[in-house]
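Report on the structure given below.
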Amino acid sequence: MLKIKNLSKSFRHVDVLKQLSFQVEKGDLIYIHGINGSGKSTLFKIICDILQADSGTIELSKQAHIGALIENPGFLENEILSYNLHFLASLKNQYNEEQIQNLCTLFQLDFNSRIKMKNYSLGMRQKASIIQALMENQNFILLDEPTRGLDKESVKIFCQIINQLHNDGKTIIIAAHEFLSDIHYNKIYQLVDGHLYEDKDF
Numbered sequence: 014m015l016k017i018k019n020l021s022k023s024f025r026h027v028d029v030l031k032q033l034s035f036q037v038e039k040g041d042l043i044y045i046h047g048i049n050g051s052g053k054s055t056l057f058k059i060i061c062d063i064l065q066a067d068s069g070t071i072e073l074s075k076q077a078h079i080g081a082l083i084e085n086p087g088f089l090e091n092e093i094l095s096y097n098l099h100f101l102a103s104l105k106n107q108y109n110e111e112q113i114q115n116l117c118t119l120f121q122l123d124f125n126s127r128i129k130m131k132n133y134s135l136g137m138r139q140k141a142s143i144i145q146a147l148m149e150n151q152n153f154i155l156l157d158e159p160t161r162g163l164d165k166e167s168v169k170i171f172c173q174i175i176n177q178l179h180n181d182g183k184t185i186i187i188a189a190h191e192f193l194s195d196i197h198y199n200k201i202y203q204l205v206d207g208h209l210y211e212d213k214d215f
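Per the working numbering, residue 14 is the first one in the sequence shown, and the count goes up by one each step.
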């Protein structure tokens, strides 16, 4: 699904990623942890072609359909949830209202709410951000701190959704501080000093 070799990226002469090599197989459910500034978001942005690496290579399967939540996704703040999700899904002609409404119901978000996005709480925005990363039946999902701002019940629902997606054959990488023991990861890594190391301590 993904093969990264000798990937490097620096900002203002500070090396964030250093000759990082990493391979993801179809159907992997991966957890990456690391301190603030360790490069988790940077790695995701490079995979999604939002940032360019300074050096190294990325081989991404032609069958990969990426869904991503990275940092703080932008919404049309003066529009409602349904408008935003319809707009985002329509960019790739992947709008499936039934699937989107099902995700909203799972996360206890009112798809038909007239509340504008600018008035959403942090938790509500986070749920909307997760939904946009999943709603197009993406098969390669990258989630950066996905449970930020979520209450305990929503975290439980999130874990159930991720496990089901994994059972359905989706490839998923979650980068976060919080380790969610209810998620059935098959690989765990730590990002430290610009390198990814398999973590045997979990």
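Ideal placement from N, C-alpha and C gives every residue a C-beta, glycine not left out.
Because the structure is a prediction, the values reported are computed rather than measured.
query	result
Other residues of its chain near tyrosine 198: CB distance less than 7 Å, five sequence neighbours each side excluded	Leu42, Ile43 and Tyr44
Nearest-angstrom beta carbon gap, serine 51 and valine 168 [assumed within contact, 8 Å]	Contact doesn't hold; Cβ gap of about 22 Å is too wide.
Span separating the alpha-carbon of leucine 73 from that of glycine 87	25 Å
Alpha-carbon spacing of leucine 82 relative to glutamate 191, whole angstroms	16 Å
Pairwise C-alpha distance: glutamine 107 and methionine 148	8 Å
Uninterrupted alpha helix (DSSP H) stretches inside the region 148 to 210 (no shorter than 4 residues)	165 to 180
Residue-chain proximity (isoleucine 144, chain B), Cβ-Cβ < 8 Å	Annotation note: the requested chain B is absent from the structure, which comprises a single protein chain.
Classification of threonine 70 by the beta-carbon crowding that lies within 10 angstroms, buried from 16 upward	exposed
Straight-line Cα distance separating isoleucine 201 from isoleucine 187	10 Å
Selection from Ser68, Ile79, Ala66 and Asp123 that minimises the alpha carbon distance to leucine 94	Asp123
Touching by the beta-carbon criterion (3+ pairs, under 8 Å), the region 53 to 66 and the region 14 to 28	yes
Exposure of serine 142, with buried meaning 16 or more beta-carbon neighbours within 10 Å	buried
Asparagine 180 to glycine 47 span [Cα, whole Å]	26 Å
Top-ranked residue by Cα proximity to lysine 75, from Phe35, Gln151 and Phe120	Gln151
Sub-8 Å separation of threonine 160 and phenylalanine 153 beta-carbons	no
Chain-order list of residues whose beta-carbon lies under 8 Å from that of asparagine 125 (same chain, five-residue window excluded)	Ser95
From Ala189, Leu155, Ser194 and Glu211, residue whose alpha carbon lies closest to that of isoleucine 60	Leu155
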